[in-house]
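**Student:** So that we are looking at the same thing, I have put the structure below in structure tokens.
Protein chains: 2
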Amino acid sequence: MPIGRWAPLSHPDVASVEVDDLLRALADPTRRQIVRLLLAEGDRPCGTFGLPVAASTLSHHFRTLRKAGILRQYDDGRQRMNTLRLDELDERFPGLVRTVLDAS
Amino acid sequence: MPIGRWAPLSHPDVASVEVDDLLRALADPTRRQIVRLLLAEGDRPCGTFGLPVAASTLSHHFRTLRKAGILRQYDDGRQRMNTLRLDELDERFPGLVRTVLDAS
DNA sequence: CGGTGTATTCGACACACATCGAAAACACCG
DNA sequence: CGGTGTTTTCGATGTGTGTCGAATACACCG
């Protein structure tokens with residue numbers, strides 16, 4: 001069962017997400033790759049992305065994406081799962097995420 | 001007649017525009033405002049945007065937008081005109097610019 | 001030519017960011 | 001409890017960026 005962890009895991013309300021933060025978050029190729037994989041193959045724990053960066057760097061990217069309202073994280077035993085908040089984002093910024101991903 | 005100026009005014013080929021540069025360029029509110037005004041009211045010289053930044057800062061933003069392939073600049077007498085390269089961009093990144101602007 | 005208007009360049013500054021390795025936090029398992 | 005696996009935090013580092021003022025470059029006009 002998903003219980004808490006040392007870090008509170010705060011997720012911003014979609015209404016309070018700034019477009020600046022969203023665009024800056026999506027302007028990084030590693031982060032776009034994360035989003036792309038989540039969109040294509042569904043929820044995944046942090047350690048299963050196979051990206052060529054250090055674990056600490058990856059953690060930084062997940063935090064950035066979470067604070068930008070792009071994904072939601074929850075703990076599941078030993079690992080931390082990631083879910084795309086696509087529906088919520090599409091309500092506030094219609095088509096943005098998809099269009100950006102398609103552009104790459 | 002638009003002649004040259006001290007700076008060569010180089011414009012990248014749309015095919016060589018990286019999505020990273022485009023997104024980074026659009027991730028700045030001042031630059032988005034520039035693009036928005038160009039889209040809404042057509043070509044304008046640099047000095048007619050009424051934005052709350054110093055002239056040198058504005059010049060930096062125009063250079064960023066030009067290098068990202070977002071606008072084209074040409075000299076007209078004393079002033080430098082700016083044109084949106086929307087059609088070209090839409091061919092390479094369909095709907096991106098519009099979607100981003102609509103999101104703000 | 002000299003003055004005025006428009007825009008860029010330069011140098012500087014503060015700040016943000018991507019990246020890493022090492023260390024720490026937490027969950028699970030034996 | 002002790003070990004293992006997963007992820008985060010911390011500190012450091014190099015790089016990029018938005019901002020400005022002052023100086024410079026160019027076009028036009030009288």
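Read top to bottom, the protein sequences are chains Z and D.
For what it's worth, our numbering labels the leading residue of the first sequence as 1, then goes sequentially.
For what it's worth, our numbering labels the leading residue of the second sequence as 1, then goes sequentially.
Even glycine gets a Cβ: it sits at the ideal position worked out from N, Cα and C.
#1: Give the interface partners of T99/Z over in chain D, defined as CB-CB distance under 7 Å, in chain order.
#2: Just to confirm before moving on: does the CB-CB distance between A55/Z and R24/D stay below 8 Å?
#3: Quick check on R85/Z: does DSSP put it in helix, strand or coil?
#4: Can you tell me whether T48/Z is buried or exposed? The criterion is at least 16 other CB atoms within 10 Å of its CB, across all chains shown.
#5: Whose Cβ in chain Z lies nearer than 7 Å to the Cβ of S104/D?
#6: In whole angstroms, what is the alpha-carbon distance linking G77/D and H61/D?
#7: Pull up the distance between the alpha-carbon of G4/Z and that of D102/Z, whole angstroms please.
#8: Can you give me, in chain order, the residues of the segment 20-42 of chain D that have a beta carbon less than 7 Å from any beta carbon in chain Z?
#9: What would DSSP say about L51/Z, mapped onto helix, strand or coil?
#10: Taking all protein chains shown into account, decide if R85/Z is buried (16 or more other Cβ within 10 angstroms of its Cβ) or exposed.
#11: By DSSP, does L39/Z sit in helix, in strand, or in coil?
#12: For L37/D and R80/Z, I'd like the C-alpha separation in whole angstroms.
#13: Tell me the residue span of the alpha helix (DSSP H) that contains D102/D.
#14: On a Cα-Cα basis, can you pick out the residue from L22/D, E41/D and C46/D that is closest to G95/D?
#15: Need the endpoints of the beta strand (DSSP E) that D75/Z sits in, please.
**Tutor:** A quick look at the data gives this:
#1: Residue 99/Z sits at position 99 when you count from the first residue of the first sequence. Within chain D, the residues near T99/Z are G95, L96 and T99.
#2: One-based indexing of the first sequence puts residue 55/Z at position 55. One-based indexing of the second sequence puts residue 24/D at position 24. Judged by their CB atoms, A55/Z and R24/D are not nearer to each other than the 8 Å cut-off.
#3: By 1-based counting over the first sequence, the position of residue 85/Z is 85. The answer is coil: DSSP assigns R85/Z none of H, G, I, E or B.
#4: Along the first sequence, one-based indexing puts residue 48/Z at 48. Exposed.
#5: Along the second sequence, read from residue 1 onward, the residue named residue 104/D stands at position 104. V19, listed in chain order.
#6: In the second sequence, counting from the first residue as 1, residue 77/D sits at position 77. In the second sequence, counting from the first residue as 1, residue 61/D sits at position 61. In a straight line, the C-alpha of G77/D is about 21 Å away from that of H61/D.
#7: Working through the first sequence from its first residue, we reach residue 4/Z at position 4. Working through the first sequence from its first residue, we reach residue 102/Z at position 102. Residue placement at G4/Z cannot be trusted, given a pLDDT of 47 that sits under 50; what the coordinates show is reported in the next sentence. Spanning the alpha carbons of G4/Z and D102/Z requires a straight line of approximately 35 Å.
#8: Those residues of the segment 20-42 of chain D placed with their C-beta closer than 7 Å to a C-beta in chain Z are D20, L23, R24, L26, A27 and P29, ordered along the chain.
#9: Stepping through the first sequence from its first residue, residue 51/Z is reached at position 51. Correct three-state label for L51/Z: coil.
#10: Your numbering for residue 85/Z matches position 85 in the first sequence. R85/Z comes out buried.
#11: As a working note, residue 39/Z is residue 39 in the first sequence. In the structure shown, L39/Z adopts helical secondary structure according to DSSP, grouped into three states.
#12: To locate residue 37/D, count along the second sequence from 1; it is residue 37. To locate residue 80/Z, count along the first sequence from 1; it is residue 80. Taking C-alpha positions only, L37/D is separated from R80/Z by approximately 43 Å.
#13: Along the second sequence, read from residue 1 onward, the residue named residue 102/D stands at position 102. Counting along the chain, the alpha helix (DSSP H) containing D102/D begins and ends at L96 to A103.
#14: Your numbering for residue 95/D matches position 95 in the second sequence. Taking the Cα of G95/D as reference, the smallest distance to any Cα among L22/D, E41/D and C46/D is reached at L22/D.
#15: By one-based count along the first sequence, residue 75/Z stands at place 75. Per DSSP, the continuous beta strand (DSSP E) segment holding D75/Z begins and ends at L71 to D76.
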